[in-house]
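Peer 1:
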Amino acid sequence: MNNFKKLGLTALAGSLVVSSAVAGEMSVSGGASIGLKNTSKTASGKSWTMGNQLTFTGSGELDNGMNVTLSFVLDQDDDTTLSEAAREENSPFDSHSVTVSSDTLGTLVFSGEGGSSAQSAIDTTAAGDAWDNGSGITDIRSSEAGNNSMLYTLPSVLDDLTVKASYSPGSAGGGSATAYHIGYAGVEGLTLDYAVGETETIGSEQEHTTMKASYAYSSFTLSYSQTESAYDTDADGLDEEISSWNVAYTVSDDLSIAYGQETIETEDASTDEEVSKINVSYTTGGVTLSASQFEASAVGNTTTESATTGDKERWALSATFAF
Numbered sequence: 033m034n035n036f037k038k039l040g041l042t043a044l045a046g047s048l049v050v051s052s053a054v055a056g057e058m059s060v061s062g063g064a065s066i067g068l069k070n071t072s073k074t075a076s077g078k079s080w081t082m083g084n085q086l087t088f089t090g091s092g093e094l095d096n097g098m099n100v101t102l103s104f105v106l107d108q109d110d111d112t113t114l115s116e117a118a119r120e121e122n123s124p125f126d127s128h129s130v131t132v133s134s135d136t137l138g139t140l141v142f143s144g145e146g147g148s149s150a151q152s153a154i155d156t157t158a159a160g161d162a163w164d165n166g167s168g169i170t171d172i173r174s175s176e177a178g179n180n181s182m183l184y185t186l187p188s189v190l191d192d193l194t195v196k197a198s199y200s201p202g203s204a205g206g207g208s209a210t211a212y213h214i215g216y217a218g219v220e221g222l223t224l225d226y227a228v229g230e231t232e233t234i235g236s237e238q239e240h241t242t243m244k245a246s247y248a249y250s251s252f253t254l255s256y257s258q259t260e261s262a263y264d265t266d267a268d269g270l271d272e273e274i275s276s277w278n279v280a281y282t283v284s285d286d287l288s289i290a291y292g293q294e295t296i297e298t299e300d301a302s303t304d305e306e307v308s309k310i311n312v313s314y315t316t317g318g319v320t321l322s323a324s325q326f327e328a329s330a331v332g333n334t335t336t337e338s339a340t341t342g343d344k345e346r347w348a349l350s351a352t353f354a355f
């Protein structure tokens, strides 16, 4: 990581509109990865992948004691919500945010792009989104966040209790959306999380609820999660629930093994999608080597075999570098 001292920072602290040049610090961190994957019974088959990202962070303390941090990410071709042409046009720019914080006022993150809601920030499953492995399972739904969203963490009101709330502005496609999250870590080794968020897209209004628990004992960590997405009306039959569990074993400081399963239930589907994953990870000197095996059944909520449905298997190898 590189540090460049004594850079002047100008901060806009929300409604306070505070502008003050102060001594600050700027840092750059990054990561890169090379991977090989193969998915059976699909058109994609075997392929190589590459990841790359640089995060620029500037921070400083204002004269009034508030801390301001600016974060800007370079990540080529990352925003998959855009068309290929739009991704090429916007590349390599990605997520950016401003964070204003103090011990007495809490922490406010304003995300110009790439923000998370209080619910979507924790909706990664216990098994690490094993469903998202290239087998063709449809993306799991979550509450709105996106551009120009705000995430606020209240100042500490009770030891080991975290309370967050988020706001996503409305548009022609729907009204504003809110979410909140409560987390507790007051028992050694145990963490509990509960979050609820909204999607307010016209004609597709939904409520999303995530519950998570994780307990670490000795070299083992057992985790469980459940996320429910329910439409405001019952006519569509597309309400969804994904439950997941994972057990991880730390062999040493460098080596770990994990096994997890996920079940995706769609309201009117007669067959549930299921995914299992086993992963071995080894870290040494800033390099993480990982090998994963996935098995997915009833992709597309059917046992009929095709390039996009039925049972799938996948293995993946990767080398990830942090600097």
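Counting from 33, one number per residue, gives the positions in the sequence shown under my numbering.
Note that beta-carbon positions come from the ideal geometry of N, C-alpha and C, so glycine has one too.
Helix, strand or coil: how does DSSP classify residue 343 here?
Peer 2: Numbered from 1 along the sequence shown, position 311 holds the residue referred to as residue 343. It is a strand residue.
Peer 1: Any contact between the segment 253-260 and the segment 274-286? By contact I mean 3 or more CB pairs, one from each, below 8 Å.
Peer 2: yes
Peer 1: Going by DSSP, what residue range makes up the beta strand (DSSP E) through residue 127?
Peer 2: Translated into the one-based positions of the sequence shown, residue 127 becomes position 95. From DSSP, the beta strand (DSSP E) with residue 127 extends over 125-134.
Peer 1: Candidates 306, 252, 329, 130: which alpha carbon is nearest residue 288's?
Peer 2: The count along the sequence shown starts at 1 and reaches residue 288 at position 256. Closest option to residue 288, Cα to Cα, is 252.
Peer 1: Going by the beta-carbon positions, is the gap between residue 144 and residue 179 smaller than 8 Å?
Peer 2: Along the sequence shown, read from residue 1 onward, the residue named residue 144 stands at position 112. Along the sequence shown, read from residue 1 onward, the residue named residue 179 stands at position 147. Cβ distance < 8 Å, so residue 144 and residue 179 count as in contact.
Peer 1: Near residue 136, what residues of its chain come up, given a Cβ to Cβ distance below 7 Å and the 5 sequence neighbours on each side ignored?
Peer 2: For the purposes of this step, residue 136 is taken as the residue at position 104 of the sequence shown. Cβ neighbours of residue 136 beyond the five flanking positions: 187.
Peer 1: Runs of 4 residues minimum, wholly inside the segment 251-327: which ones carry the alpha helix (DSSP H) assignment?
Peer 2: If we require 4 residues or more, the segment 251-327 turns out to have no alpha helix (DSSP H) run fully inside it.
Peer 1: Should residue 163 be labelled buried (16 or more other beta-carbon atoms within 10 Å of its own) or exposed?
Peer 2: Within the sequence shown, the letter at position 131 stands for residue 163. With 16 or more other Cβ atoms from the protein chains shown falling within 10 Å of its own Cβ, residue 163 counts as buried.
Peer 1: Rounded to a whole number of angstroms, what is the C-alpha to C-alpha distance between residue 346 and residue 233?
Peer 2: Sequence index remark: in the sequence shown, residue 346 carries index 314 (1-based). Sequence index remark: in the sequence shown, residue 233 carries index 201 (1-based). So the two alpha carbons sit approximately 34 Å from each other.
Peer 1: Is it buried or exposed for residue 154, if we count other Cβ within 10 angstroms and need 16 for buried?
Peer 2: Counting from one through the sequence shown, the residue named residue 154 turns up at place 122. That one is buried.
Peer 1: If I measure Cβ to Cβ from residue 335 and keep anything under 7 Å in the same chain, skipping five residues before and after, which residues do I get?
Peer 2: Counting from one through the sequence shown, the residue named residue 335 turns up at place 303. The answer, listed in chain order, is 303, 342.
Peer 1: Output the boundary residues of the beta strand (DSSP E) element that contains residue 85.
Peer 2: Residue 85 sits at position 53 when you count from the first residue of the sequence shown. Judged by DSSP secondary structure, residue 85 falls within the beta strand (DSSP E) whose first and last residues are 78-93.
Peer 1: Please confirm whether residue 99 and residue 93 have their CB atoms less than 8 Å apart.
Peer 2: Position 67 of the sequence shown, counting from 1, holds the residue named residue 99. Position 61 of the sequence shown, counting from 1, holds the residue named residue 93. Residue 93 is positioned such that its CB atom lies closer than 8 Å to that of residue 99.
Peer 1: Unbroken alpha helix (DSSP H) runs of length 4 or more, entirely within the segment 140-172: which are they?
Peer 2: none
Peer 1: Would you mind sorting residue 324 into buried or exposed? The rule is 16 or more other CB atoms within 10 Å of its CB.
Peer 2: Residue mapping note: residue 324 aligns to position 292 of the sequence shown, counting from 1. So residue 324 counts as buried.
Peer 1: Taking all protein chains shown into account, do 16 or more other C-beta atoms lie within 10 angstroms of the C-beta of residue 337, making it buried, or fewer, making it exposed?
Peer 2: As a first step, residue 337 must be located in the sequence shown, where it is residue number 305. When all chains shown are included, residue 337 counts as exposed.
Peer 1: So what's residue 178 in DSSP terms, helix, strand or just coil?
Peer 2: As a position in the sequence shown, residue 178 is number 146, starting the count at 1. Correct three-state label for residue 178: strand.
Peer 1: Please work out which residues of its chain come closer than 7 Å, Cβ to Cβ, to residue 261, disregarding the five sequence neighbours upstream and downstream, and give them in chain order.
Peer 2: For the purposes of this step, residue 261 is taken as residue 229 along the sequence shown, with counting starting at 1. Only 173, 238, 240, 271, 272 meet the Cβ criterion.
Peer 1: In this structure, how does DSSP classify residue 99 when only helix, strand and coil are distinguished?
Peer 2: Taking the first residue of the sequence shown as 1, we reach residue 99 at position 67. In this structure, residue 99 counts as strand in the three-state DSSP scheme.
Peer 1: Please list, in chain order, all residues of the same chain as residue 87 whose beta carbon is under 6 Å from its beta carbon, the five residues on each side excluded.
Peer 2: The residue you call residue 87 lines up with position 55 of the sequence shown. Within the same chain, residue 87 has close Cβ partners 61, 105.
Peer 1: Label residue 263 either buried or exposed according to how many other C-beta atoms from any shown protein chain fall within 10 Å of its C-beta, with 16 as the threshold for buried.
Peer 2: Indexing the sequence shown from 1 puts residue 263 at position 231. Buried.
Peer 1: My output table needs one value for residue 137: the three-state DSSP class, helix, strand or coil.
Peer 2: Locating residue 137 in the sequence shown gives position 105, counting from the first residue. If DSSP states are grouped into helix, strand and coil, residue 137 belongs with coil.
Peer 1: Quick check on the DSSP output: the beta strand (DSSP E) that includes residue 228 runs from which residue to which?
Peer 2: One-based indexing of the sequence shown puts residue 228 at position 196. 222-231 is the span of the beta strand (DSSP E), which, as asked, contains residue 228.
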